[in-house]
Amino acid sequence: MRKLIIIRTISQTLFFLLFVYLIISTQYSYTPGAENVSGWLKFFYDVNPLNLIGISIAAGVLYATLALGLIVLLTTILFGRYFCGWICPLGSLNHFFSSFKSERKEHRAIGLMKSNIYKPYQRIKYYLLLIMAGAAILGSLQTGVFDPISLLGRSISMVVLPSFTWLLRTSFAALSSAGLQPLTYLGEFLYRSAMAMFLPAKQPVFHGLFWLALIFLAIIVTNRIYTRFWCRAICPLGALLGFLAGFSIFGLKKNEAACDDCNKCLLHCQGGDNPHRQLPHHRSECHLCLNCLADCPHDALSFGFFEERKKYIPRPQLTRRKMMFAGLAGILAVPVLRSAMDGSYKTTPRLIRPPGSLDEEKFLVRCIRCGQCMKICPTNAIHPALLEAGWEGIFTPFLIPAIGYCEYNCVLCGQSCPTGAIQPLTAEKKNGLSGSKPVSIGTAFIDRGKCLPWAYDKDCIVCEEWCPISPKAIKLKTESIATANGGRITLKRPYVDAELCNGCGACEFACPVQGSKAIYVNSVGESRNPQNEMIQHRLKPNRSIP
Amino acid sequence: MKRREFIRQTVEASAASLLIGGGALWLGSRNDETNAAPAVYEPKNYRIDIDPNRPVLAAARGNDYKRAARMAIEALGGIGAFIAVGDYVCIKPNIGWDRTAAQGANTHPDIIAELVTLCRQAGAARIVVVDVTCSAPERSYARSGIKAAAEEQGAEVIIASDNYLSEIDFGHDSLGRWQVLKPVLECDKLLNVPVVKHHSLCGMTGAMKNWFGALSGPRNLLHQQINDNLVELCRLFQPTLTIADATRVMQRNGPTGGRSDDLIEYDCVVASIDQVAIESFATRFLKKNPADFPFIIEAERQGLGVIHLPDSQIAEIET
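Put into structure tokens, the structure is as follows:
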């Protein structure tokens, strides 16, 4: 029995390490021309059936590789929630943090046993799933906010890894500035090794870090009080798999004759499914962790096929009325969430979406808030929205050019997107090099009250310097300016050419007017939304009217 | 037991007091470092004056850029005249932008590769290639081709971080405080390897503008007094050799460029021990004269170099 536990633990560890490894690998590799990102990086998002079901309902499409989710769905129908017990990286993390609870004192052991008995709060996740299903029917995909893979992916990409690399960098720098030569060499050696393996050259920092960290920490810490609270009470993927596990032909079997009610099976039960004799077993809650099997001193438990249905509770214990209300709540939530944007997708000036993004209505039925585009962006330009896209768009990606701009030749974000919310582009398509119109994500505006040549009579034009477009989307006019003391100086002053500007934000990034940039990007002019434009394009280039 | 108890309590109380009191005394005796200033920088002149019979500037033309770089340095006296056995050499190319080698925004990787090879042949102990980029460093280093080309020849290619930057005070009459690349400060021989291209503000990005890449910090402030700042950089950083890449020269829409019809292929590599001379020579690749550039005129006025070298000191080589 112990052997199975060891195998299960190895499985959990391997999948967790694989998950972390894939996230770390979601970055620009040094090989020139290697703009193609391996499809394997999206593995966990592809096999996640919540994404499959969510997008099928919300968008009405079956997106490419998400079909792998079918494998998990079908095997869950056969075997039950093995995904939760053996594979899910957040599940494994929660398992770890729920462990090592003292059983030395009898009252502690009894407390632990009692905490693992099935609780009514475990039904919350099913209602949450139904709320999301209701929202999805109306075209709002919210599964990503609570999906465990997306959540862990966001947390690792934007909280854990940057904190860890910051700590590393700080210690390397401390070593190098300690003043002792061997320590300096050590610091430099460690830094170079880390750079070769995983350390990004620039330390990323993410908007919304505090909230992402708080949510992640809350989930981890709650495990100390209630074992696997997230998995039991909130996880919508767990709920989906729980619904399906109700059909499973494989599961826990109790030999009631051999049992003496010692309740040791309850000590380390992960699912909260009542493996003990006194209460009926809930198959939809069982994670197949097999801890009960190992803990039972009387061989009273086994796992097998075709247990009699009357001996356990196959389905989640939900009332029809509550299920209906949950679905209705989801449906009604959509106009409420959306009312933050006046009932239609009113354009928000600072909502600059990554290049290749679908128009907002289509975007929000696909984005699973995985945060991979944010992780892979080499300039740290893409960030999770808090309320910038409304409540409906929480954790969806948007650009903050003052932190990072969209590099002209880079198309990594679309490559990393598992659901096509950001369509994969080639550099040619993005920049209109093969005759098609270039992709634009916005337009730059100059605040003449802040710009150095406009307001302070000083030379600058760093914005024009950084503009990656040829011919430049920022034009310069050499003007003779009267100065306050009666003299004249000559200055070059910048003007944005709105027809050429693609909204990349390099100008905003480079502008020396810190804190409140003199040149800034708004989303107007984004090619994904033809309604969101301010320049009428010329009807015909050779009309006689100038 | 009363005595033992007494001794024990006394010892513990004394130890605690000594620790706290001693610690306080020690802390108090330390200098308050919050306002400690970094050392004021004394410009280090890496220039080596060579054989007076040799040219001061050599321009080699040909479409094998490695060969052109090699022949230009040969004409000046060969790499052995500049690099000694055991030297720590710092090569400072322009790797500013996420552009390919053909797009002309960065130094051509062939030139860097050849310089690394030559330095190795001259017996250099450590060759570092480094630049503080504008675009994302990984992309610039990779897509410019410089990382691969330099590493292939055995150079140490470093992406700058806090480890490799020192805080330097240039003095408030000069550029003030900046984070400066440590290899530039600590090397034995310094090679400046700029690419010649158009720049809207100062007219040309060349040898002097390339020193922006030795600094990390708010470089976007330097444009306000661009000409004065360029001359200061020329004064603060005086390399052993300047090797200017005039192989494909961006005529407009610099310094980022992007289109091949912004470029003219001059196929020329220029080397010189005189920063001002090479800067002046490079203006022809933008179809201009040194007189069009205030920073070149001022640099000569400050004695940092010579604009018009006599013909005998210039070598033009067809390879």
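Protein chains in written order, with my numbering: chain A, 4 to 549; chain B, 200 to 518.
We put the CB at the ideal spot given by N, CA and C, even for glycine.
All figures in this text were calculated on a predicted structure; none of them were measured in a lab.
- Note that the segment 225-245 of chain A does not touch the segment 298-307 of chain A; fewer than 3 beta-carbon pairs, one per stretch, sit closer than 8 Å.
- Chain-order list of chain B residues neighbouring residue 205/A: 335, 336, by C-beta distance under 8 Å.
- DSSP, read as helix, strand or coil, puts residue 229/B in coil.
- Here the segment 477-494 of chain B does not lie against the segment 490-507 of chain A, with fewer than 3 beta-carbon pairs under 8 Å apart.
- Partner residues in the beta bridge of residue 387/A, as assigned by DSSP, are 400/A.
- In terms of Cβ geometry, residue 413/A and residue 402/A do not form a close pair [threshold 8 Å].
- If you compare the alpha carbons of 203/B, 306/B, 402/B with that of residue 412/B, the shortest gap goes to 306/B.
- Residue contact check for residue 306/B against chain A: no CB pair falls below 8 Å.
- Boundaries of the beta strand (DSSP E) around residue 449/B: 440-449.
- Cα atoms of residue 416/A and residue 43/A: separation of roughly 15 Å, rounded to the nearest angstrom.
- Residues of chain B with a Cβ closer than 7 Å to the Cβ of residue 179/A are, in chain order, 362.
- Secondary structure of residue 505/B (DSSP, three-state): coil.
- Apart from the 5 residues on each side of it in sequence, residue 293/A sits with its Cβ closer than 8 Å to the Cβ of 4, 7, 8, 11, 88, 306 in its chain, given in chain order.
- For residue 117/A, no CB of chain B lies under 8 Å from its own CB, so it is not counted at the interface with that chain.
- By the neighbour-count criterion, in which 16 or more other beta carbons inside 10 Å mark a residue as buried, residue 360/B falls on the buried side.
- Around the beta carbon of residue 181/A, fewer than 16 other beta carbons sit within 10 angstroms, so the residue counts as exposed.
- Taking 8 Å as the CB threshold, residue 472/A lines the interface with chain B.
- Taken atom to atom, the span from the alpha-carbon of residue 186/A to that of residue 255/A is near 58 Å.
- Beta-bridge pairing by DSSP links residue 269/A to no other residue.
- Between residue 310/B and residue 442/B, the gap from beta carbon to beta carbon is short of 8 Å.
- Taking the Cα of residue 400/B as reference, the smallest distance to any Cα among 258/B, 393/B, 419/B is reached at 419/B.
- Under DSSP, the beta-bridge partners assigned to residue 244/B are 437/B.
- Per DSSP, residue 432/A lies in no beta strand (DSSP E) segment; the continuous alpha helix (DSSP H) that holds it begins and ends at 430-434.
- With contacts defined by Cβ atoms closer than 8 Å, residue 162/A and residue 215/A form a contacting pair.
- Residue environment analysis places residue 124/A among the exposed positions, since fewer than 16 neighbouring C-beta atoms fall within 10 angstroms of its C-beta.
- In the DSSP assignment, residue 466/A falls within the alpha helix (DSSP H) that extends over 465-469.
- For residue 450/B, no Cβ of chain A is located within less than 8 Å of the residue's own Cβ.
- Its chain contains 153, 371, 372 as the residues whose beta carbon lies nearer than 6 Å to that of residue 147/A, once the 5 sequence neighbours on both sides are disregarded; these appear in chain order.
- Going by beta carbons, residue 516/B and residue 349/B fall outside the 8 Å limit.
- By the Cβ test, the segment 207-219 of chain B is not in contact with the segment 383-402 of chain A, since fewer than three Cβ pairs between them sit closer than 8 Å.
- Inter-residue distance for residue 463/B and residue 381/B is about 35 Å (C-alpha atoms, whole angstroms).
- Within chain B, the residues whose beta carbon sits less than 7 Å from that of residue 198/A are 358, listed in sequence order.
- Looking from the CA of residue 252/A, the closest CA among 382/A, 210/A, 233/A, 309/A belongs to 309/A.
- Boundaries of the beta strand (DSSP E) harbouring residue 391/B: 388-392, taken from the DSSP string.
- Residue 416/A is outside the set of residues whose beta carbon lies under 8 Å from a beta carbon in chain B.
- Non-local beta-carbon contacts of residue 191/A in its own chain, meaning distances under 7 Å to residues more than five positions away in sequence, involve 179 in chain order.
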